[in-house]
Each structure stands twice: as C-alpha cells, then as structure tokens.
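Read the structure below first, then the notes.
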Amino acid sequence: MNLLEGTTAMLTTSHDYVDWSARQLAKLGGIVLLLLAVMTVISVIGRGINAYGFGPIQGDFELIEHGTAFVVFCALPYCQMRFGHVSVDVLARHFPYPLSWGIALISQLAMMVMAFVICRQLYLGMMDKLNWGETTFIIQFPVWWGYAASLPASMLWVVCAAMASLSILRNYAPGDDLP
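Going by the numbering used here, the sequence shown opens with residue 2, and the numbers climb by one from there.
Now the structure itself:
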C-alpha cells in the first residue's frame, strides 16, 4: 500500500465515522423534537383545563427555545454530509463540469467557514452567559446550558463541512454528477 492509498483509506474510514456520528446526532435531535412536541401538547392541554386545577408546564417557552436550537444544530451535520443545504443550481447544471465542480467546491468551503464562525460565536456566547450567570426568567436554569448542549453538534457540523469539502476535492472527475 502506497501513501496515497493509505491516505484514501484513512479518509474513507474517517468519513464513515463522521457520517455515522452525524446520523446518530440527527436521530437524537429527532427524539428531542418529538419530546418537545409532546411537552407542547401537554402544556396547551394544561392551559385549556386550567379551571380544573391543572395548568401549563412552567417554563415551557424557555425549554422549547433551548430545545429547538439543540434540534437544529443536531440536524446540521447530517444535512451537510448529504449535501442537503439549499443550493441554487438551475443554471449550474448546464455549466461545463469544471465550472460546476468549482461552484460546488466554493459553496462547500463557504459552508465550512460559516459553520466555523457560527461554532465560534456559539462558544463565545456560551462563555459570556456562563461568566454573567444569566438564568431563564421562569424556571431559572442557567442560559449557558442551552448553548453548551448545542456546542458539540456545532463542532461536528464544522468537521462535516470540512469532510464535504474534502469529498468534492477528492472526487473531481469530469463526467461525474456533483452533489
């Protein structure tokens, strides 16, 4: 096995592991989304039967707010690995392959930069909330917890964006379909 074959095998194994991680994280996000939906239904029913001594779930808006952010960040790595982000390729389909490949590569690199910037800002925001000790209004849980829950998914998104960029670089072959 030469160096190129070894590098290709390592990248394939890494890609498979990162893809598996993205799928598992997306599944976790889906489960959390279902739990948030159930909590919302219970809270709405509680508001409806408030006259009978029941009530809404305290802090449901706060939990939905942080939970939804977590769910979105859980979906981003999976979406990135499937090249599932929004793209406008109405014209790009008719471009020559090298130009289409270049557009796809630039798009993936831009997503990687954007993922990195968002991850960095999420970290800085988390540290700010941690240092100031900010808590939610109703249930008084630290706001930084929501940021901290989303940070690993954001980090995986950066890795997935780098893998997607490498995938486009590695798979340059005129005549192939681009993702």
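Cβ atoms here follow ideal geometry from the backbone N, Cα and C, with glycine treated the same way. Every value quoted in this text rests on a predicted model; they were computed, and no experiment measured them.
By Cβ distance below 7 Å, which residues in the same chain neighbour residue i in space, the five residues on each side in sequence not counted?
i, result
"I58", "M40, I43, S44, G47"
"W21", "none"
"A149", "M127"
"V144", "K130, E135, T136, T137"
Name the two residues that bound the continuous alpha helix (DSSP H) containing residue i.
i, result
"V1", "The structure shown does not extend to residue 1, since the chain is modelled only from 2 to 180, so the question has no answer here."
"G147", "145-171"
"M92", "At residue 92 the sequence reads Leu, which differs from the Met that was named. Run containing L92: none; DSSP gives neither H nor E here."
"Q141", "No alpha helix (DSSP H) contains Q141, which DSSP labels as neither H nor E."
"Y53", "Segment: none, Y53 is in no alpha helix (DSSP H) and carries neither H nor E."
Applying the criterion that 16 or more other CB atoms from any shown protein chain within 10 Å of the CB defines a buried residue, is residue i buried or exposed?
i, result
"H95", "exposed"
"F55", "exposed"
"S151", "buried"
"F138", "exposed"
"V159", "buried"
"L35", "exposed"
"Q81", "buried"
"Y18", "exposed"
"P78", "buried"
Would you identify the three-state DSSP class for residue i, choosing helix, strand or coil?
i, result
"G85", "coil"
Excluding five sequence neighbours on each side, which residues of the same chain lie with their C-beta closer than 6 Å to the C-beta of residue i?
i, result
"R171", "none"
"V73", "none"
Report all residues from its chain with a CB closer than 8 Å to the CB of residue i; omit the five preceding and five following residues, and keep chain order.
i, result
"I65", "L37, M40, T41"
Quiz item: Can you give, in chain order, each stretch of the alpha helix (DSSP H) that sits fully within the segment 13-85 and has at least 4 residues?
Solution: 61-82
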